[in-house]
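Structure, as structure tokens:
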Amino acid sequence: MELYSLTIHELQEKLRAGEVTAADILDSVYQRIDQVEDKVHAYITLMKEAAQAQAAAADTAIRNGDIKALTGIPIALKDICCTQGFTTTCGSRILHNFVPPYDATVVEKLRASGAVFTGKANMDEFAMGSSTETSSFGVTRNPWDLTRIPGGSSGGSAAAVAADECIAALGSDTGGSIRQPAALCGIVGMKPTYGRVSRFGLVAFASSLDQIGPFTKDVEDCAILMNVIAGYDPRESTSVNIEVPDYRSFLSRGIEGLRIGIPREYFIEGIDPEILASVRQAIAVLEKAGAKCVDISLPHTEYCLAVYYIVAPAEASSNLARYDGVKYGFRSQEGRDLLDMYKQSRSAGFGDEVKRRIIIGTYVLSSGYYDAYYKKASQVRALIRRDFDEAFKKCDIIATPTSPTAAFRIGEKTDDPMQMYLSDIFTISANMAGIPGISIPCGFTGDGLPIGLQFLGGHFQEGTLIQAAAAYEKTAGMSALIARQKQAKMNFA
Amino acid sequence: MKITRTEVAHVAHLARLTFREEEMEKFTSQLNDILLYMDKLNSVDTTGVEPMTHATVLYNAFREDVVKPSLANEQSLANAPDPRGEFFRVPKVIE
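Keeping their order, the protein sequence lines are chains A and B.
Just so we're aligned: 237 in this note's numbering is position 257 of the first sequence, and the numbers increase by one with no gaps anywhere.
Just so we're aligned: 1461 in this note's numbering is position 91 of the second sequence, and the numbers increase by one with no gaps anywhere.
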């Protein structure tokens, strides 16, 4: 068994036992990167030298008996998390040379826990996309089938974990950007409650929706990373100051008596029949393990997408006003005067999807349209949240498919923005309501593509999601199934 | 038509973006599709519903007004495309 294929908890055991060093682990991961990265293209920037120094420091710490939660574990960071001294591009030409003067809080926390950073992972430009095809730095390919997309926007992070080019990764989720690529790449991805993880140093897309979260190979690793990144940050005024539980303590609680809500609006026509069958089978496994299924309704589900594509672009149009070619990033040399310099820099620096959303956002906030679009959407958003409040009176968690289809082909949806937006129909509602969600693998299509199962919970109920996800993973024997599939199907050809 | 070329051009100016002719054509048509889809919100009765603009926080986050260390000038200017001394230089604003 190669070291790169192991999980955080497996590697930590080996480090503690003195069987391997952090340098061995990093060598193994970089060997893997050398083997497959030119095919997958999961990274925008590799940080090999700095990683070697971090691994050496980890080995010194271990010799001194100082092992922390992530000591010596190679982790990839979505290129939206600021890293002091290392380019943070956000997948955009406009930030191609931006070197942040500080670390994001999550990066600080990972550093303090002994993590080793492999590099900065590819992503849709400014996290706007569901396929990682809008990146200014080339597409990332799905390790399960190189002709297909890995999902997005955190497609580089998900592909890096699935292809063993890192042990775990961080991503960000504004409308499904962690859960959808996790589903399409056959790994675990969690979007925490809004306010659970600090957004300080996360390049802003839609500030009332963005949240950072982990990509891991199994649920235990998800709990380990959540223990490190969750918590209040005085520098981030929307982070919430409530106690962080030990998420690992939820891993072996089982699901006897847990009430699982099955929302009828998420099991509809238009979903790939293979996905539907797989998710229904997963629910049957949960019932067999002692969970109680409850039929529920989330009546405003069909409006989520419309609300999202008003609220998110509105916030984005405001957040992205800062890219003007003055303080950092790309400046066009074409500008005749100041105004023209702004226009030329932004028009050459941003890609089409970002421009489309800036225009939508500016339009829905503009005088005469604000009430019809932005205000209306914010009201319907309140109703979407109310749906969840009502539902969680009847159940502890909600189970749904993560994505209506498995990974689609590169180029299949790039010409039709509405089709691309529909990839997120099952994930957007959690961002609207601010609740946590997790996607875990629950099977494979006939073509060998991974399928994801999503659990949603009430605010700050990440522990319950981890509890249910761990129970499912164990009962269904998911880790062994994925290992077998990987052996048989993941050939990078 | 939900949005005309003239309106797209106006909004583009507000957003400090410019488009070539053929881009304009494509964008206007795509924006029309997207805005038409938004129409479905009109069928929701939102009478008396308070708009929701924040995900969880229902109170303000106050802090003491104390001076804390901030970035040094050279750090703040390190990423600037055209720094001059202690300043960000931009093209001429007035003739």
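Note that beta-carbon positions come from the ideal geometry of N, C-alpha and C, so glycine has one too.
From a predicted model like this one, the values you see are computed outputs, not experimental measurements.
{"Query": "Per-residue contacts from B:V1460 into chain A (C-beta, under 8 Å)", "Result": "V306, L318, M321"}
{"Query": "Neighbour flag for B:V1437 against chain A, beta carbons, 9 Å", "Result": "no"}
{"Query": "Listed by chain order, chain A residues near B:T1388 by CB distance under 9 Å", "Result": "D320, K323, Q324, R326, S327"}
{"Query": "Buried/exposed call for A:P123, threshold 16 Cβ in 10 Å", "Result": "buried"}
{"Query": "Residue-level contact to chain B via CB, A:F310, 9 Å cutoff", "Result": "yes"}
{"Query": "CB contact check: A:Y246 to chain B, cutoff 9 Å", "Result": "no"}
{"Query": "For A:A379: DSSP bridge partner residues", "Result": "A:F435"}
{"Query": "Nearest neighbour of B:T1340, chosen from A:E392, A:I364, A:D395 [CA to CA]", "Result": "No answer is possible for residue 1340 of chain B: it lies beyond the span of chain B, which begins at 1371 and ends at 1465."}
{"Query": "Neighbour list for A:L189 in chain B, Cβ cutoff strictly below 9 Å", "Result": "A1425"}
{"Query": "A:M108 to A:S93 span [Cα, whole Å]", "Result": "30 Å"}
{"Query": "Segment contact, 8 Å Cβ cut-off, at least three pairs: the segment 133 to 145 of chain A with the segment 43 to 59 of chain A", "Result": "yes"}
{"Query": "With 16 other Cβ atoms within 10 Å as the buried cut-off, status of A:I418", "Result": "buried"}
{"Query": "Beta-ladder partner(s) of A:C273, from DSSP", "Result": "A:I240"}
{"Query": "Extent of the continuous beta strand (DSSP E) to which B:D1452 belongs", "Result": "Looking at the DSSP string, B:D1452 is not in any beta strand (DSSP E), and its letter there is neither H nor E."}
{"Query": "Short CB-CB distance (under 9 Å) between A:Q441 and chain B", "Result": "no"}
{"Query": "The ligand NAD heavy atom lying under 8 Å from the CB of A:D351", "Result": "The model on display carries no ligand, and the ligand NAD is accordingly not part of it."}
{"Query": "Where B:A1467 meets chain A, residues with beta-carbon distance less than 8 Å", "Result": "Residue numbering for chain B in the displayed model covers 1371 to 1465; residue 1467 of chain B lies beyond these limits and cannot be assessed."}
{"Query": "Identity of the residues DSSP links to A:P421 by a beta bridge", "Result": "A:G432"}
{"Query": "Interface flag, B:E1456 vs chain A, CB-CB below 9 Å", "Result": "no"}
{"Query": "Beta-carbon neighbours of A:Y174, restricted to chain B and to distances below 7 Å", "Result": "A1425, T1426"}
{"Query": "A:G499 versus A:Y174: straight-line alpha-carbon distance, rounded", "Result": "This structure does not reach residue 499 of chain A, given that chain A is present from -19 up to 473, and the question cannot be answered."}
{"Query": "Continuous beta strand (DSSP E) stretch holding A:M170: start and end", "Result": "168 to 171"}
{"Query": "Partner residues on chain B for A:A521, Cβ-Cβ distance less than 9 Å", "Result": "A question about residue 521 of chain A goes unanswered here, because the residues of chain A that appear run from -19 up to 473."}
{"Query": "Best match in A:S347, A:L205, A:R215, A:P214 for proximity to A:P225 [C-alpha to C-alpha]", "Result": "A:L205"}
{"Query": "Chain B within 9 Å of A:R76, Cβ atoms only", "Result": "For the record, residue 76 of chain A in the displayed sequence is His; it is not Arg. No, no contact with chain B."}
{"Query": "Alpha-carbon to alpha-carbon, B:D1452 and A:R316", "Result": "16 Å"}
{"Query": "CB-CB length for A:D39 against A:A3, believed under 8 Å", "Result": "6 Å"}
{"Query": "A:A362 to A:L445 span [Cα, whole Å]", "Result": "23 Å"}
{"Query": "Run of the beta strand (DSSP E) containing A:K58, from where it starts to where it stops", "Result": "54 to 58"}
{"Query": "Cβ-based burial, A:V199 [other Cβ within 10 Å; buried from 16]", "Result": "buried"}
{"Query": "Span separating the alpha-carbon of A:G391 from that of A:C284", "Result": "25 Å"}
{"Query": "Residue-level contact to chain A via CB, B:T1374, 9 Å cutoff", "Result": "no"}
{"Query": "For A:V208, the nearest candidate out of A:N102, A:D144, A:A95 (CA to CA)", "Result": "A:A95"}
{"Query": "Cβ distance (whole Å) where A:I147 is taken to contact A:I(-12) below 8 Å", "Result": "6 Å"}
{"Query": "Any 3 or more C-beta pairs closer than 8 Å across the segment 230 to 245 of chain A and the segment 268 to 275 of chain A", "Result": "yes"}
{"Query": "Cut-off 8 Å between Cβ atoms - residues of its own chain near A:Y350, not counting five sequence neighbours on either side", "Result": "V344"}
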